[in-house]
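Protein chains in written order, with the numbering used here: chain L, 1 to 124; chain V, 1001 to 1329.
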Amino acid sequence: MGWIEVAELMYFNNPIETAVVASINLAVAMAVLGLIYYFIRPRSRRITEVYLAGEGEEIVSSISPSPLNLYWFFIKRFAKRIYDYLVGAMHTGNLMDWVSYMVSWYGLLILISVLAVIAYIVVR
Amino acid sequence: MESIALWLVSLIVFPGLLFTIALALFTQYLVRKWSGRLQKRMGPTYVGPFGTLQPLADLIKLVHAKEEVVHRYSMPGLAKFFGILGIAAGISAMLFFPLSPLRIVSDYDYLVYVYLVSIWIPVSLLLMSLAMPGPYTSIGVSRFLSFITVMEPAYFAALLTPMILASADYKPFYSIYATSITVWRYWVNPLTALPLVLALIAAIVTLQAKAMFNPFNIPEAEQEIIAGFETEFSGPVLGIASLLHDVDVAVTAISIVYLLLGGPYPFPHLSIPGILVLIVKYLAVVFVATVIRNAFGRYRLEQALYTIFKYALVPSLIAAVLATIYVWM
């Protein structure tokens, strides 16, 4: 084990102290940036309609998307195969299919947890 | 007193606020100039020597001279708050690199760096966008969120690879400083060079995606969804968002230069060869990103995500696993 020379550094014993210092740095940098912006900010503001390629506001149902819709592409397109599998396995209309699906996954997780604990005890 | 002065100089001047913003704007200039040359255009020419001050002139124009255009759903104050928060996160992250006169070092400081760069910067950009809502904005934000889901884990794993190798031999563990000054040793060992090559490829692809350069510019997708997540930005909000984007690109490129390419090492920082090596590596990373940007057209969203998955996430995970196996052996 070599030891990197840290005499000239701001060295902390744990990452929590580092996180606190980084947050203080962030806050100071924010304050300075905020001050700079305050002094150079523009003085005029113009209020306009929402830009909808020439259409009126009534063509959209809501101005902001729901949180689920924000992840729509990732869930429905990119992870479509996983999504279809999950939906197919759980939504057959038979309650027992859903129970066996959930129990099998929980069983697998418990098995992995037990094996991990045994591995930890053996290695230790 | 001296240490407080050193802290303030590091945070406000070098490599903090002033240097980070200057580097971000210069990186934007390089990308625009090289892109212009690759497309048989001149690129920025008029402001400053060789047009180098054009990005600064654009920033001042947007933040100071342009009027603020808002609609009745806009929250420009909130958008600017989050923009400044994201830029400050990038500035704070710069103090982890050996570039800084005051270097923040501890075990697992890499996790704090990731907290600043992979969480605060993209979240700030998203919240800026959501504070200026609109239908095109929503589509852009949705696409950017899909990107983050694949891109940020790839970035984390790519930079984790040299950390795993360095932490086996040097203290502090998982420290950016310790990894930066020792990673060059692992390039000369064929067994450790392979995971580093994979991690470097993954990191370059991730830089491309984080910068939203072609082929990964689908979140803004100019002309298709107007300007995507930044459609409703104008005046100072657009200027701050643009600066946040440039700071993100600069910090990501610096992280690749230090953590994967070893910064100026084996030469020290305060030497001519060290400074030259550092500059050449940074320019090389930005140049590769610019060439890729100009060589590709825009991918559709699923193409982009599969490309990031295939060429960034999978190689970075393989690299991290290979590094772990090497360390255990």
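C-beta atoms are modelled at their ideal positions from N, C-alpha and C, and glycine is treated no differently.
| request: Just the chain L side, please: which residues come within less than 8 Å of residue 1065 of chain V by C-beta, in chain order? | output: 42
| Where residue 120 of chain L falls, given that 16 or more other Cβ within 10 Å makes a residue buried | With fewer than 16 other Cβ atoms within 10 Å, it is exposed.
| field | Own chain partners of residue 1202 of chain V with C-beta closer than 6 Å, once the 5 adjacent residues on each side are dropped | value | If we look at residue 1202 of chain V and ignore the five residues flanking it on each side, its Cβ neighbours are 1154, 1158, 1312, 1315, 1316.
| query | Can you tell me whether DSSP reads residue 1218 of chain V as helix, strand or coil? | reply | coil
| query | What residues match up with residue 12 of chain L in a beta bridge as DSSP calls it? | reply | Paired residues: V:1106.
| Between the CA atoms of residue 1010 of chain V and residue 1079 of chain V - distance to the nearest angstrom | Taking the straight line joining both Cα atoms gives about 27 Å.
| request: Let me know the secondary structure DSSP gives residue 1070 of chain V once reduced to three states. | output: strand
| On the three-state DSSP scale, how would you describe residue 5 of chain L? | The predicted position of residue 5 of chain L is uncertain, since its pLDDT is 47 and thus under 50; a value taken from the coordinates is nonetheless stated next. If DSSP states are grouped into helix, strand and coil, residue 5 of chain L belongs with coil.
| request: Give a yes or no on whether 7 Å exceeds the smallest Cβ distance from residue 29 of chain L to chain V. | output: yes
| Considering only the beta carbon of each residue, do residue 1301 of chain V and residue 73 of chain L sit closer than 7 Å? | yes
| query | Are the C-beta of residue 47 of chain L and some C-beta of chain V separated by less than 7 Å? | reply | yes
| Just checking, does the stretch 1232–1250 of chain V make contact with the stretch 1165–1175 of chain V on the three C-beta pairs under 8 Å criterion? | no
| said: Check this for me: beta carbons of residue 1020 of chain V and residue 1136 of chain V, under 7 Å apart or not? | reply: It is not a contact, given that the beta carbons lie outside the stated cut-off.
| query | Between residue 1183 of chain V and residue 1259 of chain V, which are expected to be in contact by the criterion C-beta below 8 Å, what is the C-beta distance as a whole number of angstroms? | reply | 7 Å
| query | Is the shortest distance between the beta-carbon of residue 1161 of chain V and the beta-carbons of chain L less than 7 Å? | reply | Residue-level contact by beta carbon fails for residue 1161 of chain V and chain L, as no gap is shorter than 7 Å.
| request: Flag residue 35 of chain L as yes if its beta-carbon sits less than 7 Å from any beta-carbon of chain V, otherwise no. | output: no
| Between the C-alpha atoms of residue 1310 of chain V and residue 1198 of chain V, what's the straight-line distance to the nearest angstrom? | 12 Å
| query | Expressed to the nearest angstrom, what Euclidean distance is found between the alpha-carbon atoms of residue 21 of chain L and residue 28 of chain L? | reply | If you draw a straight line from the Cα of residue 21 of chain L to the Cα of residue 28 of chain L, it comes to about 11 Å.
| query | Taking only beta-carbon atoms, is residue 86 of chain L less than 7 Å away from chain V? | reply | Judged by the 7 Å Cβ criterion, residue 86 of chain L is not in contact with chain V.
| said: Could you give the first and the last residue of the continuous alpha helix (DSSP H) run that contains residue 1037 of chain V? | reply: Looking at the DSSP string, the run of the alpha helix (DSSP H) that includes residue 1037 of chain V is 1017–1038.
| request: Identify, in the order they occur along the chain, each residue of the same chain with its Cβ nearer than 8 Å to the Cβ of residue 1074 of chain V, setting aside the five sequence neighbours on each side. | output: 1131, 1132, 1133, 1232
| Nearest-angstrom beta carbon gap, residue 1083 of chain V and residue 1128 of chain V [assumed within contact, 8 Å] | 5 Å
| From V:1328, V:1047, V:1007, V:1110, pick the residue whose C-alpha is nearest to that of residue 1192 of chain V; which is it? | For residue 1192 of chain V, the nearest C-alpha among the options comes from V:1328.
| message | So if DSSP puts residue 46 of chain L in a beta bridge, which residue, or which two residues, is it bridged to? | response | V:1069
| Cβ atoms of residue 44 of chain L and residue 1067 of chain V: under 7 Å apart, would you say? | yes
| query | By the 10 Å Cβ neighbour count, where 16 or more other Cβ atoms means buried, how is residue 113 of chain L classified, buried or exposed? | reply | exposed
| query | Would the beta-carbon of residue 1339 of chain V fall within 7 Å of that of residue 1015 of chain V? | reply | Nothing about residue 1339 of chain V can be read from this structure; chain V reaches only from 1001 to 1329.
| Roughly how many angstroms separate the alpha carbons of residue 1097 of chain V and residue 1116 of chain V, rounded to a whole number? | One C-alpha to the other measures close to 13 Å.
| Distance, Cα to Cα, residue 1124 of chain V vs residue 1138 of chain V? | Going by the C-alpha atoms only, they are around 15 Å apart.
| request: Report all residues from its chain with a CB closer than 8 Å to the CB of residue 1288 of chain V; omit the five preceding and five following residues, and keep chain order. | output: 1204
| query | Expressed to the nearest angstrom, what Euclidean distance is found between the alpha-carbon atoms of residue 1303 of chain V and residue 1272 of chain V? | reply | Taking the straight line joining both Cα atoms gives about 44 Å.
| query | What is the rounded straight-line gap between the Cα of residue 1038 of chain V and the Cα of residue 1290 of chain V? | reply | Straight through space, the alpha carbons of residue 1290 of chain V and residue 1038 of chain V are spaced by roughly 9 Å.
| field | Cβ-Cβ distance between residue 1110 of chain V and residue 1163 of chain V below 7 Å | value | yes
| Leaving out five residues before and five after residue 1277 of chain V in sequence, what residues of the same chain have Cβ atoms less than 7 Å from its Cβ? | 1264, 1267
| query | When you compare each of L:37, L:70, L:76, L:95 to residue 1140 of chain V by their alpha carbons, which one comes out closest? | reply | Here the closest residue by C-alpha is L:70.
| query | Going along chain L, which residues have a C-beta under 7 Å from residue 1149 of chain V? | reply | 74
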